[in-house]
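Visitor: Numbering (our numbering), first residue to last: 734 to 799.
For every residue, glycine included, the Cβ atom is placed at its ideal position computed from N, Cα and C.
1) Classify residue 794 as buried or exposed, calling it buried when 16 or more other Cβ atoms lie within 10 Å of its own Cβ.
2) From the DSSP output, in three-state form, read off residue 794 for me.
3) Excluding the 5 residues flanking residue 752 on each side, which residues of the same chain have their C-beta closer than 6 Å to its C-beta?
4) Closest by CA to residue 774, which one among 762, 756 and 797?
5) Would you kindly report the start and end of the unbroken alpha helix (DSSP H) that includes residue 756?
This is how it looks when you write it as structure tokens:
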């Protein structure tokens, strides 16, 4: 089992984070609410074991998830 398996939506969010987009921009591009993006972010932080956006992107890159 892969320890850091992300959902397809979480993968989409982390890729957009890596591009430097803010939550509002990500929500617009994904056609969802900003609250939904915040939920995806919380899930990402938990699964990756990090506490912020920058750490999430760095960890995802380190694990070749993006």
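Guide: Checking against the coordinates, here is how it stands:
1) exposed
2) helix
3) none
4) 756
5) 756-763 is the extent of the alpha helix (DSSP H) around residue 756.
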